[in-house]
Each structure stands twice: as C-alpha cells, then as structure tokens.
Amino acid sequence: MATFKISDNKDEKCRVGTIEIGEKSYSTPSFMLYTKEGSPINLTKDLLNQLPHEKTHSLQLLFSDLFQFTDVLEKFEKGVHKFLALQDHLLFLLIRDSSSFVEAEFNDDSISVTTRKGKTKITIQDYVKLVKIIKPDFATSLSVDIPWETSRKKATKIVNSSSIWLERFLDSNITADNINTFGVIQGGKFDDLRMKSLQDLLKNKDKLFGTILSGFGTGETNDERNQIIKKLIDELPKEHVKLISGVGSPEEILNLVELGVDLFSTNYPNLMTEWGNALTFNFKFDQLKESTDDDDDDDVENKINLWDSKYVIDTTPIIKGCDCFTCVQHTKAYIHHLLNTHEMLAEVLLTIHNVSHYLGFFEEIRRVIKDNKFSEYKKSFLEKRIQINYNSNNNASNINSNNNSNNNEK
-1 MATFKISDNK DEKCRVGTIE IGEKSYSTPS FMLYTKEGSP INLTKDLLNQ
49 LPHEKTHSLQ LLFSDLFQFT DVLEKFEKGV HKFLALQDHL LFLLIRDSSS
99 FVEAEFNDDS ISVTTRKGKT KITIQDYVKL VKIIKPDFAT SLSVDIPWET
149 SRKKATKIVN SSSIWLERFL DSNITADNIN TFGVIQGGKF DDLRMKSLQD
199 LLKNKDKLFG TILSGFGTGE TNDERNQIIK KLIDELPKEH VKLISGVGSP
249 EEILNLVELG VDLFSTNYPN LMTEWGNALT FNFKFDQLKE STDDDDDDDV
299 ENKINLWDSK YVIDTTPIIK GCDCFTCVQH TKAYIHHLLN THEMLAEVLL
349 TIHNVSHYLG FFEEIRRVIK DNKFSEYKKS FLEKRIQINY NSNNNASNIN
399 SNNNSNNNEK
C-alpha cells in the first residue's frame, strides 16, 4: 500500500509531500500526465522516462478508456502497469476527463459511461470488478461530476449516491488488491451539500488515501471555487492527498496549492500543444525577483504560437537553457515547419517541451514551499505574468491600429 509523508510548513497551508509505493517515490504538489486509451499523448515509454525534473510520473487513466478493453486485461491477468509498460510510474484511475467536462448520466444504482461503442450503465458491482481487473495504484470511488449550476435536487442525489457507493466500494475489500482509494466530495455550488458529502466521507477517513475535490472547472468563478475548497480542506484530514480535476492553468495552480491542494489532473500542457503553443513563462524565483517593472518585456511572452510565420527562419530553441530534448535538439523554425506540413513530430516535440516545462514549474513550487517563500513567489509570479500579458495585448492593439491606419490611407 502507498504512504504519504508531509513536510511541515507551519506558516502556510501549502505543503510538500511524498507518495511512496514500493520502490517508487513521487513528490507533490504536482500534476498527472494526461492519457488517452491508457497511453500518454504523444509520448512513448522511452520519451516519458527521459523527461527532466522527475523520475517517477503520475498518470491519469480514464475509466471510460480502459473499460473498452477490460476483457483483454482480464485475460492478461497482470494488470494495467505491465500491459501498458508503465511499471515505473503511478497510475490513477479516474472517472472525470480533465480535458473536457461532459455531464454523465446517473441514477440510484449506476452511472453511464460513454465509449466508442455507445453508452453503458456501470453499477457499483461492475465498477469494483473492473477496478480489480485493471489494478491501478489509486482509484476513485464511483461518482460523476455535475455542473456548477446544477439544481439542488440533482446535487443532493449525487451526494447521497456517492456516499452509498463509497461504502460499498470499501466493503468490497479493495485494499486487499493493493489499490488505494480516493473518496469524492460532491455538492455543486451548495455549501451545505458539500459539507454533508464531506461528513459522509469522513466516516471512512481511515480507509482512504486521499480526497477528490469534485465538480470544479464546470462554470464557477475562481472566488467561488477558492471559498468552497478552503472550507473543505480545513475539515479534511491532513494526511489525505487532496486531488482536483479539470483546472490547471498556472494561476489556478498557485491559488489552489496555497489552499493545500496536492495533485492536479489537468491537460493544460497538452491543450497548449494542440493549439501549436509552446510554454515560455518564467517560473524561476530568483529571476522573477531580479526583474522589475522597468525591464523591457516586449520580447518576453508566457507562451508562443509556433504556427506564426515570424518563426520561419528562427534558429533558436524555444527557451535557451531548457534541458528538454526538444530545446536541446531542435529550433523554433523546425517545429514551425513541422506544424505547417502537418507532421505528427511537431506535436511530439511540443508535448515534450510543454510537459517538461510544467514539471519544472511544479519543481520550483516545491522548492519555494520548502524555503517558506511560497507567498512571495506567488506574488512575484503573478505580477510578472500580468505585466507580460498587458504588454502583449498592447503590442497586438498597436499592430491592429497601424494596419487600420494603412488601410485608411489606401
């Protein structure tokens, strides 16, 4: 079974933790790599193992993806780690797809799972059986996310159903298969329902490895999200790993880490890749402290779009000094060429960089927490990010104005 060791941080709620399972050790706060059909997007096993900053990674496995080949896994009998050649990494079985929120149907005894073959109803008995076949390191109890603005009646129903399913999931002796369970807190926008879900979960707190703060990233504001999460984390056991799905921009990460969230199930780096963006924001605390409002940030961006024709002959790496494979071996011009010729290698190289960059971001977050400087880091990071966005918007406005002036003259 897994253990979670926490480093003390008396001044702030944010903390650095270590998840240990067997010989594998994984540091938090961090984020789970997004997968499709059980495989990291655009990353082979070799590329995954060569990513900088961390040796062991955590991967989100989507239940609806694995459900489609559980018959194969049942015949294989050795579990999903060996089937996917991911023995060196931690595998989390989740129901919520962090790439896009789609409301799932449910009733008192089952949820609806959508696959390529259509919709299938999954009861708690089905779910227990399938989890034991899949054999992940960590699994969520049965539940589905609801939109923020859902009705009170529906929110009450999912709170009650999730509590019953959690009891039955734990009664199945799931820990005998070395599977660590995450309970789920539901309730939508209703504080009292969130607290009821929390109290139901706490009845089994000693049987749980962690808690999923569910139903966020579905239409709420940042303030609404932060207010509820603060209340929940104040009541949750310190030793629980706190996980959230569906949110993951740098600003959201820092706000939630400050509140005590440990793990993020997000596809943010992959989303940047889909759009042809490369992450370039500066996350190094020492460099952020050295910069001032007087610095020339006109050429500094939080991300760059390599579809842009200005990179057609740019022979520099995405970030000078970045030690990911993409930046060490290739140039912006080459990736721009690959994008415009629709070569799959473009997405592979962008994924390597964007995932590596985000891993480095979290590594820096852990470092400043250990140094008791997280609040100062967050302030510096956000100020710089806002300043760069402001400069970028001004530059874009100036370009549009000049174009309009030229058109008027014509």
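So the sequence shown is numbered by the numbering used here: it starts at -1 and just counts up by one.
Backbone N, C-alpha and C fix where the C-beta goes; we use that ideal spot for every residue, glycine too.
Cβ neighbour criterion (16 or more within 10 Å) applied to residue i
{"i": "S5", "result": "exposed"}
{"i": "R114", "result": "exposed"}
{"i": "D292", "result": "Note that D292 has pLDDT 48, beneath the 50 cutoff, so the model's placement of it is unreliable and the number below is only indicative. With fewer than 16 Cβ atoms within 10 Å of its Cβ, D292 is classed as exposed."}
{"i": "W163", "result": "buried"}
{"i": "D296", "result": "Residue placement at D296 is flagged as unreliable, the pLDDT there being 48, under the threshold of 50; the coordinate-derived value follows with that caveat. Exposed."}
{"i": "I397", "result": "Reliability of the predicted coordinates at I397 is poor, the pLDDT of 49 falling under 50, and no value is obtained from them."}
{"i": "M270", "result": "buried"}
{"i": "Y388", "result": "exposed"}
{"i": "F90", "result": "buried"}
{"i": "V14", "result": "buried"}
{"i": "G116", "result": "exposed"}
{"i": "F360", "result": "buried"}
{"i": "K408", "result": "Because the pLDDT at K408 is just 49, under 50, the model does not fix this residue reliably, and the value given afterwards should be weighed accordingly. Result: exposed."}
{"i": "I251", "result": "buried"}
{"i": "K240", "result": "buried"}
{"i": "K119", "result": "exposed"}
{"i": "N352", "result": "buried"}
{"i": "K411", "result": "Beyond the ends of the chain as shown, which are -1 and 408, falls residue 411; an answer cannot be given."}
{"i": "R150", "result": "exposed"}
{"i": "K260", "result": "For clarity, residue 260 is Asp in the given sequence; the question names Lys instead. Buried, because 16 or more other Cβ atoms sit within 10 Å of the Cβ of D260."}
{"i": "S373", "result": "exposed"}
Proximity to residue i [Cα-Cα], best of the options
{"i": "E345", "options": "T324, E361, F359", "result": "T324"}
{"i": "C320", "options": "Q66, I333, G358, L168", "result": "G358"}
{"i": "S243", "options": "I227, T313, K203, F281", "result": "I227"}
{"i": "T154", "options": "N224, S170, G185", "result": "G185"}
{"i": "R192", "options": "W146, Y309, L31", "result": "W146"}
{"i": "I19", "options": "T1, I350, F61, L286", "result": "T1"}
{"i": "N300", "options": "Y375, F379, P235, N338", "result": "F379"}
{"i": "D56", "options": "R166, Q48, S23", "result": "The residue you asked about is not Asp; residue 56 is Ser in the sequence shown. Cα-wise, what sits closest to S56 is S23."}
{"i": "R94", "options": "F74, I210, H328", "result": "I210"}
{"i": "E256", "options": "L277, F188, D232", "result": "D232"}
{"i": "N338", "options": "H328, D306, R365", "result": "D306"}
{"i": "A276", "options": "V239, K236, S247, I317", "result": "I317"}
{"i": "F428", "options": "K151, P248, I311", "result": "Outside the displayed span of the chain (-1 to 408) sits residue 428, for which this structure offers no information."}
{"i": "K229", "options": "S37, T216, Q197, R365", "result": "Q197"}
{"i": "L45", "options": "C322, K377, H334", "result": "C322"}
{"i": "L200", "options": "S161, L286, K187, E72", "result": "S161"}
Beta-bridge pairing of residue i - partner residues as DSSP gives them
{"i": "N178", "result": "F136"}
{"i": "T332", "result": "It should be pointed out that residue 332 corresponds to Tyr in this sequence rather than to Thr. Partner(s): none; Y332 has no beta bridge."}
{"i": "Q58", "result": "F90"}
{"i": "I302", "result": "A276"}
{"i": "G116", "result": "T113"}
{"i": "M30", "result": "S263"}
{"i": "I172", "result": "For I172, which the question treats as bridged, DSSP gives no partner whatsoever."}
{"i": "T121", "result": "S108"}
Residue i: first and last residue of the uninterrupted beta strand (DSSP E) it sits in
{"i": "A276", "result": "275 to 277"}
{"i": "F262", "result": "261 to 263"}
{"i": "F2", "result": "1 to 4"}
{"i": "G15", "result": "15 to 19"}
{"i": "T209", "result": "208 to 211"}
{"i": "T26", "result": "22 to 26"}
{"i": "K240", "result": "239 to 243"}
Limits of the unbroken alpha helix (DSSP H) element including residue i
{"i": "S62", "result": "61 to 65"}
{"i": "K229", "result": "220 to 233"}
{"i": "S195", "result": "189 to 200"}
{"i": "F74", "result": "68 to 74"}
{"i": "I156", "result": "150 to 169"}
{"i": "V326", "result": "323 to 327"}
{"i": "Y266", "result": "266 to 272"}
{"i": "L45", "result": "43 to 47"}
{"i": "V255", "result": "248 to 257"}
{"i": "Q184", "result": "Per DSSP, Q184 belongs to no alpha helix (DSSP H) and is neither H nor E."}
{"i": "N40", "result": "Careful: N40 lies outside any alpha helix (DSSP H) and carries neither H nor E."}
{"i": "D284", "result": "283 to 288"}
{"i": "G36", "result": "No alpha helix (DSSP H) holds G36; DSSP gives it neither H nor E."}
Residue i and residue j closer than 8 Å at C-beta
{"i": "K43", "j": "A83", "result": "yes"}
{"i": "Q58", "j": "T26", "result": "no"}
{"i": "S354", "j": "H51", "result": "yes"}
{"i": "G208", "j": "K133", "result": "no"}
{"i": "V142", "j": "I109", "result": "yes"}
{"i": "L92", "j": "F61", "result": "yes"}
{"i": "T313", "j": "T329", "result": "yes"}
{"i": "K371", "j": "S289", "result": "no"}
{"i": "N253", "j": "N224", "result": "yes"}
{"i": "V129", "j": "I183", "result": "no"}
{"i": "S159", "j": "D86", "result": "no"}
Near the ligand PLP: residue i beta-carbon under 7 Å from a heavy atom
{"i": "D189", "result": "Ligands in the displayed structure: none, and consequently the ligand PLP is not present."}
Beta carbon proximity, residue i to chain B, threshold 8 Å
{"i": "D169", "result": "Checking the listed chains, one finds no chain B in this structure; it contains a single protein chain."}
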